[in-house]
Each structure stands twice: as C-alpha cells, then as structure tokens.
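Quick note: the sequence shown uses the numbering used here, first residue 1392, plus one each step.
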Amino acid sequence: MKTNTIITIGRQYGSAGREIGHLVADQLGIKLYDKEMLARAAKESGICEEIFESHDERPTNSFLYSLVMDTYSMGGYTGNAYTEMPINHKVFLAQFDAIKKIAEEGPCILVGRCADYALESFDNVVSVFIHADLDARIRRIARLYDLTDAKAKDRIIKTDKKRASYYNYYTNKKWEDASSYELCLNSSELGIQGTAEAIVNYVQLKEKLAGADKRL
C-alpha cells in the first residue's frame, strides 16, 4: 500500500498515539520517527543527544538553566546570533531542521515535537491529533507502568501540560485545538486499530481526490 503523504501525529499522553502511528506506518509501508528525530538532530547539529532528551517536548524559560546547559553543547551552527541563543532554542531549531530533512527524504510518520508546524510549507502533509477520554488514558497508563489510578492521572496531567507548553511556546497554534490540525480522532471511541484504519482511510481518500483533480 503506497502513499506519498507525510503524517504528523500529535497526541495526548495515554491515547496510544505512538502505537497507532506504528500501525499506520506498517499498513502504509513507511517509517515512523519518534525518538529517532532526537538522534538525527543531535548527529546533524553536533549537540549531544542527552541535551535533546532533557529538552524533549519540555520548554524551559529559565535563562540560568539555559546558560548552564549551554556549557555542555557543542553547536554545529555558526554565527553570533546562534552562538548566543539559549540552548533550548538551539535544540528546537536543530530538531526543526532535522524534521524538514527527514520529510524531504519521502513519506513517513513523525510523532510529536511540533512536526506539523515545522512542515507547514509542505503540500503533502496530513496533521493528526489523537486524544482519548481521561478514564481510558488512566487505565492504559496504570496498566503499562503498574501505577495506581491516582499516580497515572497525575503523570497524564503533568505530561500533557509539558506537551501543551512546548507546542504553544514554539508554534503559532494551540495544542489540542482542533483548528491546529487537519484530523482529530478519539482513540477511546475508535480503538487503537480503528483509529489507525481511520488515518489510513483518510490519507487514501485524500490522495484519491487529489489524483482525480489532476485528471480534470
């Protein structure tokens, strides 16, 4: 099953967004990038991967923290403006560049990390946001990490807050807002397999309609 589409997936914590992404990738025969984006950005920027992991979808506005972390960074970029930039901004820009380069290599799935914003200028992108009912997410996280419901809920709230802050800080859009994405799906209603099928069906229909328009 071939596709020419790049899919970006934003997701609430516990909504099974990454698992759904892997199912879509398998069905479409394309690669999924999650943590691999961090490794790629680290390699191409010269900034150590541990710094990318410490900043992963977590914005920090602490100037002192940025200065301290900056001493561990070996920037691959040149120019005074970049050199003087706080490390969290360097990390975002390096990741932004890596996302664009990955997308230029062909169809793929990119999970989180403002990929939809990074690829706004690309014509062949479908941006997806996966959410789920809180009770379903609590059950999933409690089961996966052997937590009490209370601890699972606390982890969900904190993780979503970090993701929202990161997305809202670096983009001109709002995390979770339907207008920020092309397609929003509730995985607790459709199930993991059903949500993956919905994404695949949407992509195939969009490509079919685009092909029909070209023939007119």
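Ideal Cβ positions, reconstructed from N, Cα and C, are used throughout, including at glycine. Treat the numbers as computed from the prediction; the structure is a model and nothing was measured.
Check whether the Cβ atoms of residue i and residue j lie closer than 9 Å to each other.
i       : j       : result
Ser1406 : Arg1554 : no
Tyr1561 : Ile1493 : no
Ile1411 : Cys1499 : no
Ala1587 : Gln1403 : no
Ile1442 : Val1482 : yes
Lys1448 : Tyr1557 : The amino acid occupying residue 1448 in the given sequence is Glu; Lys does not appear at that position. In this structure, Tyr1557 lies closer than 9 Å to Glu1448 by Cβ.
Asp1507 : Ser1578 : no
Leu1419 : Thr1396 : yes
Can you tell me the Cβ-Cβ gap for residue i and residue j, rounded? I've got them flagged as a contact below 8 Å.
i       : j       : result
Ile1521 : Arg1504 : Not really, about 15 Å apart at Cβ, beyond 8 Å.
Ala1416 : Ala1485 : Incorrect: roughly 24 Å between the Cβ atoms, too far for contact.
Val1517 : Leu1574 : 6 Å
Starting from residue i, follow its DSSP beta bridges and name the residues at the other end.
i       : result
Tyr1508 : DSSP, once it has assigned bridges, lists no residue as partnering Tyr1508.
Leu1501 : Thr1399, Tyr1424
His1522 : Asn1577
Val1594 : According to DSSP, Val1594 bridges with nothing at all.
Val1517 : Ile1398
Looking at C-alpha atoms only, which residue of the options is the closest neighbour of residue i?
i       : options                            : result
Gly1401 : Asp1568, Ala1433, Tyr1536          : Asp1568
Tyr1593 : Leu1576, Gly1582, Glu1580          : Leu1576
Ile1478 : Ser1512, Asn1515, Ile1438, Glu1598 : Ile1438
Leu1600 : Asn1515, Arg1530, Asp1507          : Asn1515
Asp1540 : Asp1551, Glu1448, Ile1421, Leu1525 : Leu1525
Lys1422 : Ser1512, Thr1394, Ser1579, Asn1563 : Thr1394
Ser1512 : Lys1565, Arg1530, Lys1542, Phe1487 : Phe1487
Ser1436 : His1480, Gln1418, Thr1396          : His1480
Gly1408 : Val1519, Arg1530, Arg1546, Lys1552 : Val1519
Lys1564 : Ala1533, Asp1545, Ala1509          : Ala1509
Ala1543 : Asp1551, Thr1550, Ile1532, Lys1549 : Ile1532
Quick one: what does DSSP say residue i is sitting in, helix, strand or coil?
i       : result
Leu1423 : strand
Ser1436 : helix
Leu1576 : strand
Arg1449 : coil
Thr1539 : coil
Thr1586 : helix
Ala1430 : helix
Asp1568 : coil
Asn1559 : helix
Ala1407 : coil
Gly1467 : Unreliable placement is indicated for Gly1467, whose pLDDT of 46 sits below 50; no coordinate value is reported for it.
Lys1491 : helix
Lys1549 : helix
Lys1481 : helix
Glu1496 : coil
Lys1393 : coil
Tyr1456 : Note on Tyr1456: pLDDT 40, under 50, position unreliable in the model; no value is reported.
At a Cβ threshold of 9 Å, is residue i touching chain C?
i       : result
His1480 : Chain labels in this structure do not include chain C; a single protein chain is all it has.
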